[in-house]
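These notes concern the structure reproduced below.
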Amino acid sequence: MPRRKPADTATVPPVKRPSARRRLAAAGALVALVAAGVVAGWSLVRYPVQLPVAVLLIMLAVVAGWTALVHHGIRRVLAGIAASMLLVATVLLPGVHSFMLIAVVAGLVVVSSAAARVAIARDLAPATQVRSVGPAKHARLLMNPWSGGGKVEHFGLEEKARELGIIPIVLHRGDDLRALAERAVAEGADVIGMAGGDGSQALVADVARQHDIPFVCIPAGTRNHFALDLGLDRTDVAASLAAFGAALERRVDLALLGDRVFVNNASLGVYAKVVQSEDYRDAKLATIAQLLPDLLGPDAPHFDLRLTRPDGTSVRAVDTVLVSNGAYRLHSLNGFGTRSRLDAGVLGVVTVAVDRTRGLRALMSAQAAGHIDQFRGYQEWTTGELAIDSGQPLVDVGLDGEALRLPPPLRFRSLPGALRVRTPLGTPNAAPAAVAPFDVRQAVAALFRVLAGHPAG
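For the working numbering, count along the sequence shown from 1 and bump the result up by 38.
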């Protein structure tokens, strides 16, 4: 479905001069950053041996911990003991101040980062095309009462929806979510929403797309990545109900895997294999510890996943593939990061291949430094469509957190501007990746601009 520009569309107003509060935050961020540098420099002079040794011991402990995770039996036990001993040795270094100073520097960096977020605000976010819309006349909200550990009940969403004139549709065991959404549209819904996880969001968003009616995302799932990148406050679930009233509307992209719509990402390889386990939902860490040796251990084969880059280069034998609705800004593999745009009309593609001998150490170093993109086996690009083949009869896929097994080839495609989304008035309509500087140099330059009374971007 081609991107369509809504009537009466207007770009978000230009950025205003920073307030006194933001300028004060910029000053605080710069002072904390300088203090962190001064403390680090003084520490190296005062403890020229202990401090580097402490950092080295911590890095070795991380490597030992991962070594324990990817091995079985006695090697796992020995690596676990080594990691514990390295951490104890760090604490017991002569001149315990050297260890404490690392914590002080880390604390100052955290303070500086927090103040910088306040100072820079939304200045770096790209302009978003939105329009003001009136309240829904026939609003329907589907609710999954089991998502997010019962957030629907915890936040009293059913009662609050009724108070706002929204008709709630609560799922029961055995209900067909798509059928309920289709029935709501057939009965005259002019705005439809979903309170649940990302998988449920995608399904109801697809119904809204097909009928070209606005969609409202209520972040009542566990992680709520889609809500995060829409700029919604995931901690105040009920606040998103305001999108059924006077609100802002814009168009965002969706993505397809075959005929399945997804709003976030599809993962293949290690993560997809882990989420297939029946024990993963109830014991994530234990399941990962149990499965990783067979997935990334020294004798583990690479996954048979075959794809082609836009320049024609073939990619084979990888360990992780992430195909996302829009490009993610990734600093580590702990989570999927956030996307600076949901309207670029592209799929983001990331592949990671780990050398079974020395590659894991390099991967952990890049991970610890927050620069996963500098790992040799890491590749990323964007494209409008993608095909992934395999010699396996079925491929494990984690699609918006749902575990699937699908026959290859897997065909992905972006649907630019396919979904009309409503968000509450006052919503920033920007994801964390859209407002965050790319590196320290850009952040410092932005802070000095705010301190001087100018917009950060």
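We treat Cβ as the ideally placed atom computed from N, Cα and C, and that holds for glycine.
### Message
Using 8 Å as the cut-off, can you tell me whether the stretch 241-254 makes contact with the stretch 189-203, which would need three or more C-beta pairs spanning the two stretches below that distance?
### Response
Contact fails: fewer than three Cβ-Cβ distances are below 8 Å.
### Query
How big is the Cα-Cα spacing for A483 and G296?
Here residue 483 refers to the residue found at position 445 of the sequence shown. Here residue 296 refers to the residue found at position 258 of the sequence shown. Rounded to whole angstroms, A483 to G296 spans 44 Å at the Cα level.
### Query
By the 10 Å Cβ neighbour count, where 16 or more other Cβ atoms means buried, how is P40 classified, buried or exposed?
For the purposes of this step, residue 40 is taken as the residue at position 2 of the sequence shown. Unreliable positioning characterises P40 in this predicted model, as indicated by a pLDDT of 42, which lies under 50. The coordinate reading is nonetheless provided below. Here P40 is exposed: its Cβ has fewer than 16 other Cβ atoms, across all protein chains shown, within 10 Å.
### Query
Would A154 count as contacting chain D if we go by Cβ distances under 7 Å?
Protein chain content of the structure displayed is limited to a single chain, and chain D is not contained in it.
### Query
Should the stretch 417-426 be regarded as contacting the stretch 200-220, the criterion being three or more beta carbon pairs within less than 8 Å?
No, the stretch 417-426 does not touch the stretch 200-220.
### Message
On the CB-based measure, 16 or more other CB atoms within 10 Å of its CB, does F413 come out buried or exposed?
### Response
Translated into positions along the sequence shown, residue 413 becomes position 375. The residue is buried, with at least 16 neighbouring Cβ atoms inside 10 Å.
### beta strand (DSSP E) runs wholly inside the stretch 246-292, at least 3 long, in chain order
You should have 253-257.
### Query
By Cβ distance below 6 Å, which residues in the same chain neighbour S352 in space, the five residues on each side in sequence not counted?
Numbered from 1 along the sequence shown, position 314 holds the residue referred to as residue 352. Same-chain partners within the cutoff: T346.
### Query
Since V390 contacts V435 with CB under 8 Å, what's their CB separation in whole angstroms?
For this step, residue 390 is matched to residue 352 along the sequence shown. For this step, residue 435 is matched to residue 397 along the sequence shown. 16 Å between Cβ atoms; not a contact.
### Proximal residues to G278 (C-beta, below 6 Å), its chain only, five neighbours per side dropped
Position 240 of the sequence shown, counting from 1, holds the residue named residue 278. Before going further, note that residue 278 is Ser rather than Gly in the sequence given. The residues are I256 and L270.
### Under the three-state DSSP convention, the category V50 falls into
On the sequence shown, residue 50 is found 12 positions in, with the first residue counted as 1. Confidence in V50 is poor, its pLDDT being 45 and thus under 50, which makes the residue's placement too unreliable to answer from.
### Task
Give the DSSP bridge partners of M123, in chain order.
Looking up residue 123 in the sequence shown gives position 85. Bridge partners of M123: none, in fact.
### Query
Would DSSP call S150 helix, strand or coil?
Here residue 150 corresponds to residue number 112 of the sequence shown, with the count starting at 1. Residue state, collapsed to three classes: helix.
### Task
Write down the C-beta distance between G186 and A258 rounded to the nearest angstrom, noting that I regard them as a contact closer than 8 Å.
Along the sequence shown, read from residue 1 onward, the residue named residue 186 stands at position 148. Along the sequence shown, read from residue 1 onward, the residue named residue 258 stands at position 220. Confirmed, Cβ separation roughly 5 Å.
### Query
For the candidate residues G383, V478 and D349, whose alpha-carbon lies nearest to that of Q417?
Position 379 of the sequence shown, counting from 1, holds the residue named residue 417. Measuring from the Cα of Q417, the nearest candidate turns out to be D349.
#### Entry: Inter-residue Cα distance where the pair is A284 and V290
Here the question's residue 284 lines up with position 246 in the sequence shown. Here the question's residue 290 lines up with position 252 in the sequence shown. For A284 and V290, the gap between their C-alpha atoms comes out near 19 Å.
### Residue closest to V301, alpha-carbon to alpha-carbon, out of A63, R451, V359 and Y85
As a position in the sequence shown, residue 301 is number 263, starting the count at 1. Comparing alpha carbon positions, the residue from A63, R451, V359 and Y85 closest to V301 is R451.
#### Entry: Beta-carbon proximity check, A70 vs V149, cutoff 7 Å
Translated into the one-based positions of the sequence shown, residue 70 becomes position 32. Translated into the one-based positions of the sequence shown, residue 149 becomes position 111. Yes; because the gap between Cβ atoms is below 7 Å, this pair is in contact.
### Query
How is A456 classed by DSSP in three states: helix, strand or coil?
By one-based count along the sequence shown, residue 456 stands at place 418. Under the three-state reduction of DSSP output, A456 falls in the strand class.
### For L162, three-class secondary structure by DSSP
In the sequence shown, the residue the question calls residue 162 occupies position 124. In the three-state scheme derived from DSSP, where H, G and I count as helix and E and B as strand, L162 is classed as coil.
#### Entry: Where L195 sits in the DSSP three-state scheme
Counting from one through the sequence shown, the residue named residue 195 turns up at place 157. When secondary structure is reduced to three states using DSSP, L195 falls in the helix class.
### Task
Please confirm whether P183 and V208 have their CB atoms less than 7 Å apart.
Against the sequence shown, residue 183 aligns to sequence position 145. Against the sequence shown, residue 208 aligns to sequence position 170. In this structure, P183 sits near V208, with a CB-CB distance shorter than 7 Å.
#### Entry: Member of H340, G375 and L68 whose CA lies at the smallest distance from the CA of T358
Position 320 of the sequence shown, counted from the start, is the residue given in the question as residue 358. T358 has its Cα closest to that of H340, out of H340, G375 and L68.
### Residue span of the alpha helix (DSSP H) that contains L215, given as start and end
Here the question's residue 215 lines up with position 177 in the sequence shown. Counting along the chain, the alpha helix (DSSP H) containing L215 begins and ends at L215 to A224.
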